[in-house]
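As you go down the protein sequences, you meet chains A and B in turn.
Using the numbering used here, you'd call the opening residue of the first sequence number 1 and step up by one each time.
Using the numbering used here, you'd call the opening residue of the second sequence number 1001 and step up by one each time.
Here is the structure we will look at.
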Amino acid sequence: MIKINGLSKSYPTKKNKNLILDNISLDVPVGQVFGIIGKSGAGKSTLLKCLNLLERPDSGNVIIDGVDLTTLSTSELRKERQQIGIIFQHFNLLSSKTIFDNVALPLKLQGNHNKAEIKLAVDEMLALVGLTDFATKYPASLSGGQKQRVGIARALITKPKLLLSDEATSALDPQTTSSILELLLEINQKMGITIFLITHELEVVRKICDKVAVIDGGKIIEQGNAFDILLHPQQPLTRKLIIEEESEKYLEQVNHYYQFEKSSNKHILLLSFVGDATYQPILNIISKSAGVEFSILRGELGRIKNMPFGQLLIEFECDEKNLATACKIMKEMGVHYEIVH
Amino acid sequence: MSLAIINDLVSNVDWSEINDATLDTLFMLGFSVLFSTIIGIPVGLILFLTSKGRLLQNRFVYMILSFVVNVLRSVPFIILLIVMIPATTMLVGTSLGAKGTIPPLVIGAFPFFARLVENSLKEIDDGIFHMAESCGASTRQIIWHILLPEIMPSLIASITVTAIALVSYTAMAGTVGGGGLGDLAIRYGYQRFQTDVMLITVVLMVVMVQLIQICGDFLVKIMRK
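Following this line, the structure appears as structure tokens:
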């Protein structure tokens, strides 16, 4: 759906080159939810603006649905933009227009729809986002979550194949965030719309992303399936971003403790498992067949998108040979492990 | 009895003359507000759109227009009235009477109004422009579908402020043969020491200003939702 090749963007000043995006290449397949996660100032927003060419990249191509946007004329580009929905952190609704007129705006801008068509389309969209009763109200009387629902309805009114999301839940409270994320997921699954989102919240990636890329200092430092990145981040920066501070501290503590512990038959492992493996009595099997004793130091069970996962910090008490057997069993069962100590 | 006292207090006042002068003032006010608005909105839009970082950024156009607006705003209105006499005669055929005051009133008021329009436009959140461009809106569509509706309440407030400024400008215009309440106040109140006439004209202008403000506030209130 989206193909970005060697995209770079800088805002040069007299002293500095100020490279904001450095040779970014991405491939977003049709129908997926693709997330870009990074800290503020990492270049996320600029990347998003480059996607519909609100910012023209210095070099590289942006190919959306087979069309290279960088080669289009202004009026062709305007047509293409009408096929891309976008939602914003601060909603960007027009305070002078009713909810109905806000949602109808993109259709009115296209200029080739009559009143009846517009009414039909807007009513359908308002029903989709659950705001049918709010059609004649003004944005000022809505809550943040409701405003974002209006934003989503407006973005989808032109039946785009692609929806861009610019920190859409960052201004919302946790509860509202999860209801908006559920709505986005529903849109992605029912309507088959590809979603490209940028965020700094791990929660967003965890709830709805299929694929994720981590951006830092204008570069993509790691990308892949959401659960791979979330469960076994490879790059130090990604680890820092993803593993919560607490568990990181905990790992440090454990390492410290075992430096003084003479016993060499204690091993600490970080196990992660996704999908069906989550429902298996993994530890029980390992314990029985490899003859190891275990205790759980820390653990987390949850879901990444719809995939159940578990991640446990385990202490095995056994010799090297038994540990090797345990590792073999885990490999067979599809459990990812990392020997921490 | 009481009526007689009042009649005695305003013995110099010729009510039919007051009536004519009020109508003259309203005529001057109405047309100058109308034309200042018609000229001021596009000028304000151009000032805004050609300024730095905006849709039609153009340093040259912005500087020229901004300079002209500043020059017109810095000329004292009483001077403008006199300087404009030839131009006024050319435009409306006379520099006298209520009709002859319209061109200087408009030239005096539209630059002020244009700046108010420009300022209202600056208040619009950048995100709105971002949204509009992302929807594929052209500059013309952005002006008609987004900018003008968004600034409508503050546009009405700006028209109110301009109209009130124009009330006192019309009084000044009276002194160079424009007629109206200001003319009456000067001819009778100042030159003939008829304080009662002056008092009546001042009261009428106060009432006018109050009415304009109340109407403006009311319109703004029903527009801001």
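C-beta: ideal position from N, C-alpha, C; glycine also.
Asked, Found
"Residues that DSSP places opposite residue 271 of chain A in a beta bridge", "A:312, A:337"
"Alpha helix (DSSP H) segment containing residue 1218 of chain B, residue limits", "1195 to 1223"
"Below-8 Å beta-carbon distance, residue 1123 of chain B vs any chain A residue", "no"
"Identity of the residues DSSP links to residue 37 of chain A by a beta bridge", "A:199, A:214"
"Contact set between the segment 1051 to 1074 of chain B and chain A, restricted to residues whose Cβ is under 7 Å from the partner", "none"
"8 Å Cβ cut-off: residues of chain A touching residue 1137 of chain B", "78, 109"
"Close Cβ partners of residue 1175 of chain B (< 6 Å) along its chain, the five nearest in sequence each way excluded", "1186"
"Counted within 10 angstroms of its Cβ, other Cβ atoms place residue 1108 of chain B as buried (16 or more) or exposed", "buried"
"Reduced DSSP category for residue 300 of chain A - H, G, I as helix; E, B as strand; rest coil", "strand"
"Backbone CA spacing between residue 84 of chain A and residue 163 of chain A [nearest angstrom]", "6 Å"
"Extent of the continuous beta strand (DSSP E) to which residue 219 of chain A belongs", "219 to 225"
"Contact list for the segment 53 to 86 of chain A against chain B, Cβ threshold 7 Å", "54, 78, 79, 81, 82, 86"
"Within chain A, the residues that residue 1134 of chain B reaches when beta carbons sit closer than 7 Å", "52, 54, 81, 86"
"Reference residue 171 of chain A, options A:25, A:154, A:144, A:195, closest by Cα", "A:144"
"Exposure of residue 1052 of chain B, with buried meaning 16 or more beta-carbon neighbours within 10 Å", "exposed"
"For residue 225 of chain A and residue 363 of chain A, the rounded distance between their alpha carbons", "Not covered by the structure: residue 363 of chain A. The range shown for chain A is 1 to 341."
"Beta carbon of residue 216 of chain A nearer than 8 Å to that of residue 38 of chain A", "yes"
"Neighbouring residues, chain A, relative to residue 1159 of chain B (Cβ below 8 Å)", "Under the 8 Å cutoff, chain A gives no residues; its nearest Cβ is about 16 Å from residue 1159 of chain B."
"Whole-angstrom C-beta distance between residue 231 of chain A and residue 208 of chain A, which should lie under 8 Å", "So it is not a contact: roughly 17 Å between Cβ atoms."
"Contacts of residue 1128 of chain B in chain A (Cβ-Cβ under 8 Å)", "92, 94"
"is_contact[residue 1017 of chain B, chain A] using C-beta, thresh 8 Å", "no"
"Chain-ordered neighbours of residue 1146 of chain B on chain A, where CB pairs are closer than 7 Å", "94"
"Own chain, CB closer than 6 Å to residue 310 of chain A, minus 5 neighbours either side, in chain order", "273, 278, 301"
"Those residues which DSSP pairs with residue 60 of chain A across a bridge", "Its beta-bridge partners do not exist; DSSP assigns none."
"Spatial neighbours of residue 1011 of chain B in its chain, beta-carbon cut-off 8 Å, leaving aside the 5 residues before and after", "1196"
"Beta-carbon proximity check, residue 55 of chain A vs residue 67 of chain A, cutoff 8 Å", "no"
"Nearest-angstrom Cα separation, counted from residue 1200 of chain B out to residue 1105 of chain B", "24 Å"
"Residue 1009 of chain B classed as buried or exposed, judged by whether at least 16 other C-beta atoms fall within 10 angstroms", "exposed"
"Simplified DSSP state of residue 1094 of chain B, which is helix, strand or coil", "coil"
"Residues that residue 97 of chain A contacts on chain B, provided the C-beta gap is smaller than 8 Å", "1149"
"Chain B residues whose Cβ lies nearer than 7 Å to that of residue 12 of chain A", "None at all; the shortest Cβ gap to chain B is about 16 Å."
"Residue 206 of chain A burial status per 10 Å Cβ neighbour count (16 or more: buried)", "buried"
"Buried versus exposed call for residue 1145 of chain B [16 or more other C-beta atoms within 10 Å across all chains shown]", "buried"
"CB contact flag (residue 157 of chain A, residue 233 of chain A, <8 Å)", "no"
"Test: residue 162 of chain A CB closer than 8 Å to a CB of chain B", "no"
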